[in-house]
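Asks:
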Amino acid sequence: MFRSPLGQKEKFIMKSMATIGSIALICGIAQASPFLGATLEVVNIGDQGTTYRLFAQLEAGARIDAVYGNSQSELRFSPREGRSFYQNANGGPTSKEINSNFFPFVPSMEWDSYVSIGAYYQNGAPFGENNLNNIGINWASFEGGGDLVTDNGSWFVTPDDAQGNELNGEVFLGQFTIQGSNGDFYDDMDIQFNIQGKDADGATWNALGVGWIPSPGALAVLGLAGVAGRRRTRH
78 MFRSPLGQKE KFIMKSMATI GSIALICGIA QASPFLGATL EVVNIGDQGT TYRLFAQLEA
138 GARIDAVYGN SQSELRFSPR EGRSFYQNAN GGPTSKEINS NFFPFVPSME WDSYVSIGAY
198 YQNGAPFGEN NLNNIGINWA SFEGGGDLVT DNGSWFVTPD DAQGNELNGE VFLGQFTIQG
258 SNGDFYDDMD IQFNIQGKDA DGATWNALGV GWIPSPGALA VLGLAGVAGR RRTRH
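With the sequence shown counted from 1, adding 77 to any position gets you my numbering.
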């Protein structure tokens, strides 16, 4: 069982229908693009639940332009049975609706569940602005604490938006607070998503089916990947 104390990051790996359970092929796919994997970091444990932040790990100079689901590989963020996403009435489904100026007045709003690319909040921090857009996603279930699923939708930024650029090797993709969490993120959430971006030379790349790899070999890789612990300061 993998537990995630406050400030600890856990790494998971891109899976592929053709390579589940194959360590060598998984590593080969990961090296074919600037996408190096993804991490979940625990940033708060409180009355609202356990709050995770999701980051994509990229090579220097790379960026992310879109997180999406399609008919080939759906996007899915689902709380496990007996759990739900915490949703604050003052927030919204994306970082464009998260006004950090309200946090002193509504402290629980800080732990709302929402998606993004790069920018943590409406003000664009740690970038100058937040130009996130979305299309083809029905947010009703997610905003009610349930699944976020689409096979024909995306949240995205344009290639001119700085917030898609990697910052210290990572790009923030969303915050998810799990009510009923036991502190084990494998038990808390089912995650699968696809990402599109550009490498340092401006070439477009895609990573399909990023998510858990539920096999003994994959768990061994996760263990070897190690855990980097650090507390993220508020932006």
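All residues carry an ideal CB built from backbone N, CA and C; glycine is no exception. All figures in this text were calculated on a predicted structure; none of them were measured in a lab.
Could you check how far apart the C-beta atoms of glycine 251 and glutamine 269 are, in whole angstroms? I think they sit under 8 Å.
Replies: About 13 Å; that fails the 8 Å criterion.
Asks: Helix, strand or coil: which one does DSSP assign to phenylalanine 233?
Replies: In the structure shown, phenylalanine 233 sits in a strand (DSSP, three-state: E or B).
Asks: Going by C-alpha distance, which of Phe219, Val226, Ala239, Leu152 is nearest glycine 201?
Replies: Answer by Cα proximity: Ala239.
Asks: In chain order, what residues of the same chain lie with their CB nearer than 7 Å to the CB of methionine 186, ignoring the 5 residues before and after it?
Replies: Taken in chain order, the residues that qualify are Asn165, Asn167, Gly168, Phe179, Phe180.
Asks: Would serine 148 be called buried (16 or more neighbouring beta carbons within 10 Å of its own) or exposed?
Replies: Exposed.
Asks: With 16 as the cutoff for other CB atoms within 10 Å, does glutamate 206 come out buried or exposed?
Replies: Exposed.
Asks: Could you tell me which residues DSSP pairs with aspartate 265 in its beta bridges?
Replies: Looking at the DSSP assignment, aspartate 265 forms no beta bridge with any residue, so it has no partner.
Asks: Answer with buried or exposed for phenylalanine 182, where buried requires no fewer than 16 other C-beta atoms within 10 angstroms of its C-beta.
Replies: Phenylalanine 182 comes out exposed.
Asks: To the nearest angstrom, how far is the alpha carbon of serine 177 from that of glutamine 199?
Replies: If I take the Cα positions, the gap works out to 7 Å.
Asks: Buried or exposed: which applies to isoleucine 194, given that a residue is buried once 16 or more other Cβ atoms fall within 10 Å of its Cβ?
Replies: With 16 or more Cβ atoms within 10 Å of its Cβ, isoleucine 194 is classed as buried.
Asks: Does DSSP put glutamine 181 in a helix, in a strand, or in coil?
Replies: The residue you asked about is not glutamine; residue 181 is proline in the sequence shown. Correct three-state label for proline 181: coil.
Asks: Considering only DSSP beta bridges, list what asparagine 211 is partnered with.
Replies: Looking at the DSSP assignment, asparagine 211 forms a beta bridge with Trp232.
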